[in-house]
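What follows is a short report on a single structure.
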Amino acid sequence: MSEKTKKSGLWSVFFTLVSILWVFPLVLVLVNSFKNKAYISRNAFSIPVGRAFVGLENYRRGIERTDLIASFGWTVLITVGSVLLILICTSMCAWWIVRVDNWAARTLYVLFLFNMVVPFQMVMFTLSKLADMLGLNTPWGLCLVYLGFGAGLAVFIFTGVIKGIPRELEESAMIDGASIPRTFFGIVVPIMRPSIVSVAILEAMWIWNDFLLPYLTLDMRRFKTMSIAIQYLKGGYGSVDMGAMMGCLVLAIIPIVIFYLICQKYIIKGVLAGAVKG
Amino acid sequence: MNHTITKGIGLLAALTLSVGALGACGSAQSADGGKTAAGKVFFLNFKPEAADQWKAIAEEYTKETGVKVDVQTAASNTYEQTLKSEMAKSQAPTLFQVNGPVGLASWKSYTADMSKSEVYRQLTNQDLALKSDDGQQVLGVPYAMETYGLIYNKDIMGKYMKLPDAKVKSVKEINSFDKLKAVADDIQQHKDELGVKGAFTSAGFDSSSDWRFKTHLANIPLYYELKEDKIATQPESVKGTYLPQFKQIFDLYLKDSTTDPKQLSSKTGDDANSEFALGEAALYQNGTWAWTDLEKAGMSKDQIGMMPIYIGAPGEKDQGLATGSENYWCINKKASKDDQRATEKFLAWMITSEKGKKAMSSDMGFTTPFKSFDDVKSDNPLVEEAVKDSKSGKTQVSWNFTMMPSEQWKNDLGNALLEYAQGTGSWDKVKSAFVDNWAKEYQVNRQA
Amino acid sequence: MVVRSIRRWWVLFTVPTVVAFIVGFIVPFLMGVWLSLCRFTTVTDARFIGLANYRAALADGEFWHALVYTVAFTIVTTVVVNVAGFAVAYMLTKAIRGANVFRSVFFMPNLIGGIVLGYIWLLLLNGVLSRWGRSITYSGMYGFWGMVLLYCWQQIGYMMIIYIAGLQALPGDVLEAASVDGANSRQRLMLITLPLMMPSITVCTFLTVTNGFKMFDQNLALTNGAPSNTSELLALNIYRTFYGRTGFEGVGQAKAVVFFVIVALIALIQNRLTTSKEVTA
Chain X
5 MSEKTKKSGL
15 WSVFFTLVSI
25 LWVFPLVLVL
35 VNSFKNKAYI
45 SRNAFSIPVG
55 RAFVGLENYR
65 RGIERTDLIA
75 SFGWTVLITV
85 GSVLLILICT
95 SMCAWWIVRV
105 DNWAARTLYV
115 LFLFNMVVPF
125 QMVMFTLSKL
135 ADMLGLNTPW
145 GLCLVYLGFG
155 AGLAVFIFTG
165 VIKGIPRELE
175 ESAMIDGASI
185 PRTFFGIVVP
195 IMRPSIVSVA
205 ILEAMWIWND
215 FLLPYLTLDM
225 RRFKTMSIAI
235 QYLKGGYGSV
245 DMGAMMGCLV
255 LAIIPIVIFY
265 LICQKYIIKG
275 VLAGAVKG
Chain U
19 MNHTITKGIG
29 LLAALTLSVG
39 ALGACGSAQS
49 ADGGKTAAGK
59 VFFLNFKPEA
69 ADQWKAIAEE
79 YTKETGVKVD
89 VQTAASNTYE
99 QTLKSEMAKS
109 QAPTLFQVNG
119 PVGLASWKSY
129 TADMSKSEVY
139 RQLTNQDLAL
149 KSDDGQQVLG
159 VPYAMETYGL
169 IYNKDIMGKY
179 MKLPDAKVKS
189 VKEINSFDKL
199 KAVADDIQQH
209 KDELGVKGAF
219 TSAGFDSSSD
229 WRFKTHLANI
239 PLYYELKEDK
249 IATQPESVKG
259 TYLPQFKQIF
269 DLYLKDSTTD
279 PKQLSSKTGD
289 DANSEFALGE
299 AALYQNGTWA
309 WTDLEKAGMS
319 KDQIGMMPIY
329 IGAPGEKDQG
339 LATGSENYWC
349 INKKASKDDQ
359 RATEKFLAWM
369 ITSEKGKKAM
379 SSDMGFTTPF
389 KSFDDVKSDN
399 PLVEEAVKDS
409 KSGKTQVSWN
419 FTMMPSEQWK
429 NDLGNALLEY
439 AQGTGSWDKV
449 KSAFVDNWAK
459 EYQVNRQA
Chain L
1153 MVVRSIRRWW
1163 VLFTVPTVVA
1173 FIVGFIVPFL
1183 MGVWLSLCRF
1193 TTVTDARFIG
1203 LANYRAALAD
1213 GEFWHALVYT
1223 VAFTIVTTVV
1233 VNVAGFAVAY
1243 MLTKAIRGAN
1253 VFRSVFFMPN
1263 LIGGIVLGYI
1273 WLLLLNGVLS
1283 RWGRSITYSG
1293 MYGFWGMVLL
1303 YCWQQIGYMM
1313 IIYIAGLQAL
1323 PGDVLEAASV
1333 DGANSRQRLM
1343 LITLPLMMPS
1353 ITVCTFLTVT
1363 NGFKMFDQNL
1373 ALTNGAPSNT
1383 SELLALNIYR
1393 TFYGRTGFEG
1403 VGQAKAVVFF
1413 VIVALIALIQ
1423 NRLTTSKEVT
1433 A
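Residue numbers (this note's numbering), protein chains in the order written: chain X, 5 to 282; chain U, 19 to 466; chain L, 1153 to 1433.
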């Protein structure tokens, strides 16, 4: 017994050390974000004191140069809008596919499955061109694009869940006189709730961090997401301002960490739901 | 399963048609929606270092006239690809730029005639403009003459020249590669006494810095070769006559440097800038546009000067700084008439109004080729050096990199130079990137 | 009866998704296949040229380099990520104090986007390498191991979560019985736990393979292919061919089709291996 506790204690020490190593890159960025930019590329491991310490200057310059606050807003808008749209539309579509189950439904399902294996590079040019022609180069339009390109995974997960819901529940509601939409939103959606949360998390993680799709699609004069803004710091001004870059990196990481601390349980569930992705 | 797929494809085909129809509606609508009587301006800016300044002056113009001016800046080394993707969009730039005759060739179908524009009329020398093959139309108007060379720190040079065994007693004495090398080697040797880390700033090959070598430095041997062969337009191939001299100067940059060549791949333009501004290096290859960043980093006007880049070519004691333009304004012919007119007006305002002139000359550091700027005196010390140099009777080195066959040619050369610098590639690769690739890229672009 | 009344609601239930799906996927996909057979700079000036783009793509040495580089990257990361992920999961499901905290820490990098991750590691790796006077873009090999490190840091936590769930779902009585029969912990792991975990292992393996194969953002931010495009993964090679050179759009699109075929093949193999009932309709 005591042998076992001792061993477990050793493992705890080991994992503590590994954990410290694990968060080290993030701490390093945080430390460097207070350093004068000239000192960052010289020695990334020095402590910002004296001449090297610039306080919040990097944050100020980073925000100013990239318009990071606005980018944050657009990223939130695009992520929330797309996720809501995906949840509502694909859950309805998935229910229709499972319950109707005729040739059209089955074809649609196969196409959605197909969507899941196509890498973005395959459609990057044609999709962004089409989106521009249709005037979808705004954050609102982008939500539609995400619904289109990201539908596959959501439909796939939702159909799996709906197949497990006994149709008797719905039938009895309908016999009681409930309309189809009412049946769906009143009966089916509450049962699907856990999977809806999982899909929301999965899609949000993807859309929040996505770079190439918004980069090629959005009208860059007016809208940038956070990833685009950060990438733009590199070379966008003829030089790479490592100070502003560090500030922006920290500001990009903070909301994610907060979100993670609050919703950890759901995030892990989402990841597990996503693991069925084929 | 097979059955469903066949049916699926049929369904798809039908749906595709319907979307095609939808798309047609959508684009027609957006074209109408954007039109306002006054027109608007959308400038795709080539110079990232002037991005903030363009934005500011655009806002100023909008405040004054109510005409909307958008400025978007392409990141370093990405102008061609950004222009390509922006031109494909429904709201394409109304104002863009080409880097010279070679750049113009690929955008000919987009360039409107500017022969009646104010900017063309104001040119001090109208031969500088890019014209159509028949000479009837003006397709591009240069807006910035720029100059580059070796920027030096007067304080450090002064300190060096006070050393008892200094190779020169005045910067003026440096008028050949041999002198330059002697001085640079000597500074490197006395670096601790002088308090520097090296004679030259790091020759960084990050994309924010590699153009200083693959384009600007490579221009010097190219200039001598074309001059010797009396070639004035883009040749099908080059011989690389002065590549040994190119190697000489590049070796010097690498040897007498602040930085281990193995680290150059990630060194940025910002790194070189701060090394120079912090007084860690005496010499810095860059041009008039660098002043803004140097000033921001804390340098004062009387601290810096600029001298020609000597590579060891014949007759170089009369060689001046490298002056030219790779910045030609072009108006997009495919933009609406209103937008084209608004763009012309904006350009006229930029070169005639006090605010526009100030922005271009002092904020962006351009020497402009326009008559309207005669009364403007620049407070950019590097521009002053350039003006002094042009009046000194020396022969200015022209900007022949506007003839380089493609962006790919420059990138390949840059890669070869970096590999050579860090010791992972040989100089032969640089030679082949310079000579063989020229002919190859010339042909590829001919076809395209 | 019920089915028929649901079917009648197709406009509300399916049209929004289907229209977006057509615009956001079906049409771009078909156009992409078509354009790979054309010479074009924009959609309107496409001219059919047959398989010339594919020939040009396959004759491009850098494309082959990127392909080999990507395959090597995928193999190395798949092995490392899964072995490490499984090992961590295995240990953390035992009674270790603070297991929950460790789990949270290991998983966190997964939420950070590729561009941000790339720049974080650029700082760290260049900081470390500067001690030896090198930098991450010194050669393709440096970039390779840099990306391996970055990717492992990002993915180990993700796979760990899946393995933990798998381990927790193992039937306790089997392990118990084995333990009573005198099997030591090593035997239990090799003979019972591992075989029972095969479904999780397959899922994780394929997740790492496909994600590794498609990696783009991290590559763009960390090395952008430097030096001389030797640290370039397939996705970046396609992007650069497409947007980097005028006149090479068709070749880029052809490369994208080849890329798609490879990714689809991987998915198909996985489909065969996992005996999921869900997969075909």
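Yeah, the Cβ is synthetic: ideal placement off N, Cα and C, and Gly gets one too.
For residue j and residue i, the rounded distance between their alpha carbons
i          : j          : result
Gly-1279/L : Lys-232/U  : 27 angstroms
Tyr-12/U   : Val-59/U   : No information on residue 12/U is available, as it lies outside the stretch 19 to 466 that chain U covers here.
Val-1415/L : Pro-123/X  : 7 angstroms
Trp-367/U  : Lys-395/U  : 19 angstroms
Ala-68/U   : Ser-318/U  : 20 angstroms
Tyr-270/X  : Asn-213/X  : 18 angstroms
Gly-1404/L : Tyr-1206/L : 9 angstroms
Val-33/X   : Glu-78/U   : 37 angstroms
Gly-247/X  : Asn-36/X   : 8 angstroms
Ser-1227/L : His-1217/L : Inspection of the sequence shows that residue 1227/L is occupied by Ile rather than by Ser. Roughly 15 angstroms separates the two Cα atoms.
Lys-389/U  : Tyr-161/U  : 12 angstroms
Ser-48/U   : Val-84/X   : Confidence in Ser-48/U is poor, its pLDDT being 38 and thus under 50, which makes the residue's placement too unreliable to answer from.
Lys-134/U  : Val-1220/L : 56 angstroms
Arg-65/X   : Thr-1345/L : 54 angstroms
Ser-380/U  : Thr-1362/L : 53 angstroms
Val-1223/L : Glu-207/X  : 27 angstroms
Ala-353/U  : Pro-111/U  : 8 angstroms
Val-1154/L : Phe-116/X  : 25 angstroms
Ala-457/U  : Met-422/U  : 11 angstroms
Val-256/U  : Gln-263/U  : 15 angstroms
Lys-280/U  : Val-1232/L : 29 angstroms
Ala-1419/L : Ala-1317/L : 23 angstroms
Met-1183/L : Gly-443/U  : 41 angstroms
Endpoints, the beta strand (DSSP E) within which residue i is located
i         : result
Asp-88/U  : 87-91
Ile-161/X : Run containing Ile-161/X: none in the beta strand (DSSP E); it sits in the alpha helix (DSSP H), 143-167.
Ile-349/U : 346-349
Val-394/U : Where Val-394/U is concerned, there is no enclosing beta strand (DSSP E), given that its DSSP letter is neither H nor E.
Leu-113/U : 113-116
Met-325/U : 322-325
Nearest-angstrom Cβ-Cβ length linking residue i and residue j, presumed shorter than 8 angstroms
i          : j          : result
Val-275/X  : Ile-1267/L : Not confirmed; about 21 angstroms, so no contact.
Thr-276/U  : Ala-299/U  : 5 angstroms
Val-401/U  : Gly-383/U  : 6 angstroms
Ala-221/U  : Leu-282/U  : 6 angstroms
Tyr-346/U  : Gly-84/U   : Incorrect: roughly 28 angstroms between the Cβ atoms, too far for contact.
Gln-1370/L : Tyr-1290/L : Not really, about 18 angstroms apart at Cβ, beyond 8 angstroms.
Residue i - containing alpha helix (DSSP H), residue span
i          : result
Gln-125/X  : That residue, Gln-125/X, is in no alpha helix (DSSP H); it is neither H nor E in DSSP.
Ile-1414/L : 1401-1425
Ile-1158/L : 1154-1159
Thr-1382/L : Where Thr-1382/L is concerned, there is no enclosing alpha helix (DSSP H), given that its DSSP letter is neither H nor E.
Bridge-paired residues (DSSP) for residue i
i          : result
Gly-469/U  : Here chain U covers residues 19 to 466 and nothing more, so residue 469/U does not appear.
Thr-413/U  : Gln-337/U
Arg-1133/L : A query on residue 1133/L cannot be resolved here, the shown segment of chain L reaching from 1153 to 1433 and no further.
Asn-63/U   : Thr-91/U
Gln-303/U  : Leu-168/U
Phe-388/U  : Leu-141/U
Q | Uninterrupted alpha helix (DSSP H) stretches inside the region 1293-1368 of chain L (no shorter than 4 residues) | A | Listed in chain order, they are 1324-1332, 1350-1365.
**Q.** Continuous beta strand (DSSP E) assignments of at least 3 residues falling wholly in the region 161-204 of chain U
**A.** Listed in chain order, they are 164-171.
Q: List in chain order: all unbroken alpha helix (DSSP H) runs of 4+ residues lying wholly within the region 28-109 of chain X.
A: Taken in chain order, the complete alpha helix (DSSP H) segments of 4 residues or longer contained in the region 28-109 of chain X are 41-44, 61-70, 72-104.
Q: Please go through the region 200-235 of chain U and give each complete alpha helix (DSSP H) segment of 4 or more residues, from N-terminal end onward.
A: The qualifying runs are 209-212.
Q. Taking the runs of the alpha helix (DSSP H) that are 4 residues or longer, which of them lie wholly in the region 172-203 of chain X?
A. Uninterrupted alpha helix (DSSP H) stretches at least 4 residues long and entirely within the region 172-203 of chain X occur at 184-187, given in chain order.
Q: Please specify which runs of the alpha helix (DSSP H), each continuous and at least 4 residues long, are wholly inside the region 265-296 of chain U, giving them in chain order.
A: Those alpha helix (DSSP H) runs which fall completely within the region 265-296 of chain U and span 4+ residues are 287-295.
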